[in-house]
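Participant: Take the sequence shown: its position 135, counted from the start at 1, is 123 in this note's numbering, and no numbers get skipped. This is the structure, below, for whatever I ask next.
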Amino acid sequence: MSSNHVNNRNRQCHSEMASNYLPIINNKNNNGHVSQTSKLTSIALLVGSASLVLTGCQSNPTASTDVAASSTLMDFSTANPAQSQRQGHAFTASQEAQAERYAQLFNQEKYPNTEHQAKAHLLAAIRQHLATEHVAVAQANYQAVPFIDADSIDAGSSSLLRTIIETYAYQPEGMYDSSDDEAQAEARAELAAVGVESNKCNENEDDDAYEVCVVEGINYDYDDAKDSIESDYPSDYDKSRAEAEAERKAIAAILAEAGENEPTSSDANSDNEYAYDGADDYSSDDYDNYDEYSSGGEGMLSGMSGLNPKTLAAKYEAMQMAKQRAQTEPTSRDEITSSTGVIGSILTMFHRTPEQIAATNAYQYQHLTFNSVSQYNPKQRQLQSVYSYDYATPTVSSSIQIPVAFDFNNSSVTLDPSAIMPIVALVNPENTPLPSQMASHTVSFGLPDSITAQLPPAVLYDAVLNAIQSSMAELAPEHFSAVDISGDAFAKEVGATRVVKVYFGSQQSGEMIGKTLKYVTKSLQEYVDANPEKYPNGAMLKAALAKAQLYNKGYQSADVGSLLQLIEAIGPISFNQINYYYLDNSDRLLAKQQRVNIGGDLLGSTTTMLNQVRYDKASFDHHALTPLLAESFGSNAVAPIDGNAWIAAQRQKKDRLQTARYARYDYEDGRLETDYSSDEYDNRYDAESIDESRIGDAKDDNEK
């Protein structure tokens, strides 16, 4: 049966080829005078049809399927037990092989690929790292590069956000009618004439002359006319509106002179539109309020008129043509800046040229480093660090060093305030001690008992650490990849045998944030449920967690990543970082390298921070900041100053000064209340005669 099928298929292919040949042959016989172009077209069609036919005839999937099926499928047309058993075993083996292949494709726990393996190694290293005591030495460097490369196809093009802003703010002079200048000159002349007539009326005391002045002058509002004329770009709508207002004022003046300034109740409901306008009690203040209201509403609508697609397209074309002229004509650059207004000036100020970027790297970033040394004790939940901001050149050298220590078990933070003491002195100069007056170089601040009783910091610390590990474990394996370290110099320095790369873009960063928040809320909820005696019904923390759990049901963690992507798309910022984790054969974390890119088209540059962290003891012992760490938080360090007591003393001193200030309000003429007799004091200082305004003014002065 299969051979007959093959023969039929071959005959079908030959018939298809013949049918494809016949139209072309007949065409050649009937049209002997076909042009050369038609011949070439016929040849191309012939070759294409032949290739398609031959392609279909060369493959015979039906035959191959029949051959494969004969070895696996059972043949029920014969009643041979041995053959049926043999075919049954073959069919079972084929199904098992197919199931194993399917499992290898999708069962990553049993058959992990390279990405799953890299993720498993990294998670094991992080768990081990956070559970053991270790030290760290970090150094961060910075570099700025143009946001768009000079060789890129996007070079010279602006981002969509900047284009929209510049197009909306662009106001070319050619888009306004040239008759505006003539109209403005006529309006100024009219304003001058009105001013002269107004002066004449003011100087003439005759009532009849005043009436003529009022009627002929049309009760012209000098201030409104001046504001209308001095507008930058008077439109036809503004001129017509001003004429209508002037006409209405003229009619109001005539009605006022006719004695119709007091409309009756029936007139108020009449259809005469001038009855209300002619009221003499229609004050100028009310009219000004109406102008403010109408101009305010018109201002909002006038802003929306700039969103007309045709107008935006015309402005965009004019702006791009002006930019092209500016490349050849330096004088046109000022025209673009003036046309875009304040917004254009701000964008130009923020945008950095390649020359400015190169100067920043040469004079700032090349000599700037951010260093730190840290010591971590997981059992005591303590983290002690010294951060240093160093700038060193052949002529200038400066360093700002800040020791900081966190103790989550004792709910305290200890730091050296020397670096921020000048700022504190500006805010509170009277109560800021000098360095020589401090008994210790460090100050310790602790959380009040009212906060720690509700939520111990140790519980929050454990919840955050567990949330970070669990959130990273839920990330897709596609974000983890093994890296070849054969050419990695940093891997050779730290002695790593394996490097795992983790990419955190805006989507992954937002997803991590969302998952971390949910895991922290879940851990705190479990702690509250495990301690019902501390958190009865109505407790503040319990109510807050219940509300947080309610809101957590309304979004997924990936939605936070989508939100960051939206912010990144429309804002001048980017959220992406690349992390390289260096491991040894036992999955011990040796070092970490982090690359963070921040920038956008509005800034014109991308600033890259490269942070290298080493977790070896040798680098920690030989670092220049290690002695300062031991001096600040070591076993032989001087006990820190109690910052809470210092703040309480300052608050108590302030309260005493305020009490003394209030006490002086009861003095009179420099004499105390005891200088008066009781009767005299009762007569002069009755309880109801105390000037409360003085006390209120004194309180206001104290608050200032």
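Even for Gly, the Cβ is constructed at its ideal location relative to N, Cα and C. Given the structure is predicted, the values throughout are model-derived calculations rather than measurements.
In three-state terms, what does DSSP make of Cys45?
Facilitator: For Cys45, the pLDDT reaches just 47, beneath the cut-off of 50, and the residue's location in the model is therefore unreliable, although a value from the coordinates is still provided. DSSP places Cys45 in helix when its eight states are reduced to three.
Participant: On the premise that Ser362 lies in contact with Gln372, defined as a C-beta separation below 8 angstroms, what is that separation, rounded to the nearest angstrom?
Facilitator: The distance from the Cβ of Gln372 to that of Ser362 is about 7 angstroms, consistent with a contact at the 8 angstroms cut-off.
Participant: Would you report the Cα separation of Gln430 and Leu118, rounded to the nearest angstrom?
Facilitator: According to the sequence shown, residue 430 is Thr rather than Gln. For Thr430 and Leu118, the distance between alpha carbons rounds to 27 angstroms.
Participant: Out of Asp450, His104 and Lys237, state which residue places its alpha-carbon closest to the alpha-carbon of Asp395.
Facilitator: Asp450
Participant: I'd like the list of long-range same chain contacts for Asp575, defined as Cβ closer than 6 angstroms, with 5 residues on each side in sequence excluded.
Facilitator: His109, Ala112 and Ala113
Participant: So Phe693 and Gly588 are in contact, right, with Cβ under 8 angstroms, and what is the actual spacing, rounded?
Facilitator: This structure gives no information on residue 693, because the portion of the chain shown stretches from -11 to 692.
Participant: In whole angstroms, what separates the C-alpha of Leu65 from that of Ser72?
Facilitator: According to the sequence provided, residue 65 is Ser. The question's Leu does not apply to it. Approximately 10 angstroms between the Cα atoms of the pair.
Participant: Are the beta-carbon atoms of His467 and Gln513 separated by less than 8 angstroms?
Facilitator: no
Participant: Given 8 angstroms as the limit, is there contact between the stretch 562 to 578 and the stretch 480 to 493, that is, 3 or more CB pairs closer than that?
Facilitator: yes
Participant: Decide if Ile629 is buried, meaning its Cβ has at least 16 other Cβ atoms within 10 Å, or exposed.
Facilitator: buried
Participant: Can you check DSSP and say which residues form a bridge with Leu453?
Facilitator: The partner list for Leu453 (beta bridge, DSSP) is empty, contrary to what the question assumes.
Participant: Would you kindly work out how many angstroms separate the C-alpha atoms of Gln703 and Ala637, rounded to a whole number?
Facilitator: This structure cannot settle anything about residue 703, because the visible part of the chain is limited to -11 through 692.
Participant: CA-CA distance, Phe358 and Phe608?
Facilitator: Phe608 has its alpha-carbon roughly 16 angstroms from the corresponding atom of Phe358.
Participant: Are there any heavy atoms of the ligand ADP lying less than 7 angstroms away from the beta-carbon of Val471, as far as the coordinates show?
Facilitator: No copy of the ligand ADP appears in this structure; indeed no ligand is present at all.
Participant: Evaluate Val601 with the Cβ neighbour count: other Cβ atoms within 10 Å of its Cβ, from every protein chain shown; 16 or more gives buried, anything less gives exposed.
Facilitator: buried
Participant: Starting from Gly549, follow the alpha helix (DSSP H) in both directions and report where the run begins and ends.
Facilitator: Ser545 to Ile558
Participant: Give the straight-line distance between the Cα atoms of Ala56 and Asn68, rounded to the nearest whole angstrom.
Facilitator: Reliability fails at Ala56, whose pLDDT of 43 lies under 50, so the model's placement of it is uncertain and no value is given.
Participant: Assuming Val487 and Asp476 make a contact with CB atoms under 8 angstroms, what is their CB distance in whole Å?
Facilitator: 7 angstroms
Participant: Would you call Met500 buried or exposed, if buried means 16 or more other Cβ atoms sit within 10 Å of its Cβ?
Facilitator: buried
Participant: For Tyr377, tell me which candidate among Ser140, Ala534, Asn525 and Leu613 has the shortest Cα-Cα distance.
Facilitator: Minimum Cα-Cα distance from Tyr377 among the listed residues Ser140, Ala534, Asn525 and Leu613 corresponds to Leu613.
Participant: Straight-line CA distance for Val516 to Gly592?
Facilitator: 50 angstroms
Participant: Between Tyr523 and chain C, is the shortest Cβ-Cβ distance under 8 angstroms, so that the two count as touching?
Facilitator: Protein chain content of the structure displayed is limited to a single chain, and chain C is not contained in it.
Participant: Using only the alpha-carbon positions, how far apart do Tyr90 and Gln105 sit?
Facilitator: 19 angstroms
Participant: Should Met528 go down as buried or exposed, given a rule of 16 or more other Cβ atoms within 10 Å for buried?
Facilitator: Exposed is the call here.
Participant: Over the uninterrupted alpha helix (DSSP H) stretch that includes Asn359, give me the two end residues.
Facilitator: Counting along the chain, Asn359 falls outside any alpha helix (DSSP H), though it belongs to the beta strand (DSSP E) covering Leu356 to Asn365.
Participant: How many Å lie between Leu443 and Phe338 at the Cα?
Facilitator: 44 angstroms
Participant: What number of angstroms, rounded off, separates the C-alpha of Leu505 from the C-alpha of Asn454?
Facilitator: 11 angstroms
Participant: Apply the 10 Å Cβ neighbour rule to Pro524 and answer buried if 16 or more other Cβ atoms are within range, or exposed otherwise.
Facilitator: Result: exposed.
Participant: Among all the DSSP beta bridges, which residues are the ones paired with Ala380?
Facilitator: Under DSSP, Ala380 takes part in a beta bridge, and its partners are Ser385.
Participant: In this structure, what does DSSP give as the bridge partners for Leu371?
Facilitator: Leu371 is bridged to Tyr364 and Phe394.
Participant: Consult DSSP for Leu645 and reduce its assignment to one of helix, strand or coil.
Facilitator: helix
Participant: From Gln116 to Arg369, what distance separates their C-alpha atoms?
Facilitator: 15 angstroms
Participant: By alpha-carbon positions, which one of Gln96, Ala126, Asn397 and Asn419 ends up nearest to Val447?
Facilitator: Out of Gln96, Ala126, Asn397 and Asn419, Asn397 has the C-alpha closest to the C-alpha of Val447.
Participant: Using the Cβ count rule (16 or more neighbours within 10 Å means buried), how would you classify Pro303?
Facilitator: It should be pointed out that residue 303 corresponds to Lys in this sequence rather than to Pro. Buried, because 16 or more other Cβ atoms sit within 10 Å of the Cβ of Lys303.
Participant: Which residue from Lys510, Ser469 and Glu521 puts its Cα closest to that of Asn540?
Facilitator: Lys510
Participant: Does the beta-carbon of Ser52 have 16 or more other beta-carbons within 10 angstroms, so that it is buried, or is it exposed?
Facilitator: Residue placement at Ser52 is poorly supported in this model, since its pLDDT is 44, which falls under 50; the coordinates still yield a value, given next. Exposed: under 16 other Cβ atoms inside 10 Å.
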